[in-house]
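Numbering (this note's numbering), first residue to last: 329 to 943. For each residue, glycine too, the CB sits at the ideal point set by N, CA and C.
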């Protein structure tokens, strides 16, 4: 801890006048230099000198880096977390009195109500950067406008085929969701892993194809990542194979893409080609993995859809949100219980699927994920100590389960390297997704960096000289960290280096194996382990979930739920009972006002939902 922070904790008023609030929060690790520089530059431009206003501006800039659309002054001091920093130090910082802070912001020349050119907007205790306030209002307005559109009658052939596919044994939520999508201008299909979201999309399009080419709309099928788009493509291919005939030909015309590609990102203009003045031509726009879509991207996408077209948003509102700012899908889905749903007309357009299909009915993984989602720590721990081999708990490195898990990790990575050395790209890709180590944080003995080093050390012992050529070696798993539209590789895509006749090449799965010269790859990183945030949208046969070795504000049920639901067949959970209980009991709530705009003021606040911020 720096001297300045220590003095501020011991005697806040004596230090603030000499050094300034922003410097103290910067030294504590709450702010970084970019937050500080941005706030100070805007303050100088507007002649603002109140340190409380400048601190609030810096914290608002910081908030967008951690996914917040705004900052809520009433809960901000309790919400901030800094990786590797004692929460007590953060709590003891000289946070301004909330009432005085709000008054200072209300009187500031930097702050407005969103109608002028002020850089900050202060609304109902929430402070926004002006552009994020504009995005939030735009998304709400566009969705609410669609609710007023008249419903359309589903043609008889379409309804009949939909009944066959989704309601042959009686009414289902999948059937209801598909009907909503076909009869209105906006629909939301929400649900956890394996609840049939993607199958429902495929059935919806197959039913439309059953009416023939005259009634088949122009469809845009998109997702935030290339990986998610590829999975959508597989669902459409399955539907086409099942339908056959003319329907198969029509479905083959539906080509999934990333949202960025659909909207036509232009490097020259630094903007999307499709926008509010140059709309998409499609009649039906389906967006999968909506939980990963940021607020700015959601606003740009909805603006580009024609008013008379239909938008269908699909995703899991219970998992972690977009890495960028926003909680769009969770805000749209809104309150889950029926009593609260009566607050908004949007409720009739949202269907939450609840029956799992990825897991068997008696799967401990599905039960564990459900217990996490409900915040039931006792049930979660009961499942962990059960005898189902699909759910294994390693309380500490000395436990037998930990040793079995480590042997499994090293064994699969060994087979990955062996396949890559042999030039077998297909087998290497299979081993790449057979197991994944997912950590809650990047650094520390329980972080991504440590686990990656441990795996590579184990591989060095088995393959002497493997890494002598530098960072690239056969079997090196890599994740793309910046979109490359020319190569059709996107942030989050995972590939592996394989020895080929042309030398070492990076291989990614795109229906089949696609190879790239190493020098052509955009920014990337080694992923023998990855953060849980980075795993969003991925699936693996087995996942090893590594939790911090002590309690942390970074731990939330959404984080744990996201990690556990990446697994198809087995979960290894590494962490103590106390840490697991903490993770299940705490719910993250990113600061956002979108839900309030769509649903109105909350009827009540659950005591188990504690505002939280990742750092």
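Expected contact under 8 Å - CB spacing of residue i and residue j to nearest Å
i: residue 386; j: residue 437; result: That pair is no contact at about 17 Å.
i: residue 511; j: residue 480; result: 6 Å
i: residue 742; j: residue 787; result: 7 Å
i: residue 463; j: residue 624; result: 5 Å
i: residue 711; j: residue 692; result: 5 Å
i: residue 802; j: residue 832; result: 6 Å
i: residue 568; j: residue 882; result: Incorrect: roughly 43 Å between the Cβ atoms, too far for contact.
i: residue 433; j: residue 388; result: So it is not a contact: roughly 10 Å between Cβ atoms.
i: residue 737; j: residue 518; result: Contact doesn't hold; Cβ gap of about 33 Å is too wide.
i: residue 837; j: residue 757; result: 5 Å
i: residue 891; j: residue 779; result: Not really, about 14 Å apart at Cβ, beyond 8 Å.
From the options, residue whose alpha carbon lies closest to that of residue i
i: residue 555; options: 877, 883 and 867; result: 867
i: residue 620; options: 517, 799, 427 and 553; result: 553
i: residue 637; options: 516, 729, 355 and 610; result: 610
i: residue 397; options: 626, 736, 772 and 679; result: 626
i: residue 812; options: 586, 778 and 704; result: 586
i: residue 489; options: 463, 744, 537 and 909; result: 537
i: residue 392; options: 929, 426 and 649; result: 649
i: residue 275; options: 859, 483 and 840; result: Nothing can be reported for residue 275, as the shown portion of the chain is limited to 329 through 943.
i: residue 542; options: 507, 564 and 578; result: 578
i: residue 527; options: 564, 499, 551 and 545; result: 564
i: residue 428; options: 381, 810 and 573; result: 381
i: residue 547; options: 608, 520, 523 and 558; result: 608
i: residue 557; options: 589, 534 and 533; result: 589
i: residue 503; options: 476, 533, 521 and 478; result: 533
i: residue 658; options: 477, 923, 545 and 372; result: 923
i: residue 507; options: 599, 676 and 348; result: 676
i: residue 944; options: 681, 748 and 561; result: Summary: the structure shown does not reach residue 944, with the chain confined to residues 329 through 943, and so no result is reported for it.
i: residue 715; options: 704, 706, 703 and 729; result: 729
i: residue 368; options: 383, 775, 774 and 478; result: 383
i: residue 654; options: 673, 679, 678 and 618; result: 618
i: residue 446; options: 390, 906, 371 and 855; result: 371
i: residue 807; options: 796, 823 and 815; result: 823
i: residue 884; options: 767, 584, 792 and 781; result: 767
i: residue 908; options: 732, 792, 700 and 798; result: 700
i: residue 815; options: 698, 834, 450 and 800; result: 834
i: residue 362; options: 390, 709 and 356; result: 390
i: residue 529; options: 520, 505, 789 and 539; result: 505
i: residue 652; options: 592, 460 and 781; result: 460
i: residue 747; options: 698, 804, 731 and 769; result: 804
i: residue 616; options: 575, 646 and 551; result: 551
i: residue 561; options: 855, 580, 453 and 773; result: 580
Residue i - partner residues in DSSP beta bridges
i: residue 606; result: 603
i: residue 455; result: 399 and 450
i: residue 721; result: 901
i: residue 873; result: 766 and 901
i: residue 827; result: 832
i: residue 547; result: 612
i: residue 500; result: Paired residue(s): none; residue 500 is not in a bridge.
i: residue 844; result: 834
i: residue 853; result: 807
i: residue 643; result: 518
i: residue 678; result: 516
i: residue 858; result: 766
i: residue 895; result: 868
i: residue 440; result: 449
i: residue 812; result: 817
i: residue 822; result: 807
i: residue 638; result: 612
Exercise. Let me know the beta strand (DSSP E) ranges lying completely inside the stretch 340-410, each 3 residues or longer, listed in chain order.
Key: 398-400
Practice problem: Indicate whether the contact test is met: 3 or more Cβ pairs, each with one atom in the stretch 837-855 and one in the stretch 873-893, closer than 8 Å. | Solution: no
Quiz item: Can you give, in chain order, each stretch of the alpha helix (DSSP H) that sits fully within the stretch 551-601 and has at least 4 residues?
Solution: 554-571, 573-580 and 587-591
Practice problem: Would you check if there are 3 or more beta carbon pairs closer than 8 Å linking the stretch 887-904 to the stretch 717-729? | Solution: yes
Quiz item: Do the stretch 510-528 and the stretch 632-647 touch if we need at least three Cβ pairs shorter than 8 Å?
Solution: yes
Quiz prompt | Cβ contact check for the stretch 601-617 and the stretch 825-837: 3 or more pairs under 8 Å | solution = no
Quiz prompt | Segment contact, 8 Å Cβ cut-off, at least three pairs: the stretch 918-928 with the stretch 398-410 | solution = yes
Quiz item: Which runs of the alpha helix (DSSP H) fall wholly inside the stretch 514-547 and span at least 4 residues, in chain order?
Solution: 525-537
Practice problem: Determine contact between the stretch 433-449 and the stretch 370-377, defined as no fewer than three beta-carbon pairs at a distance below 8 Å. | Solution: yes
Quiz prompt | Any 3 or more C-beta pairs closer than 8 Å across the stretch 351-366 and the stretch 416-423 | solution = yes
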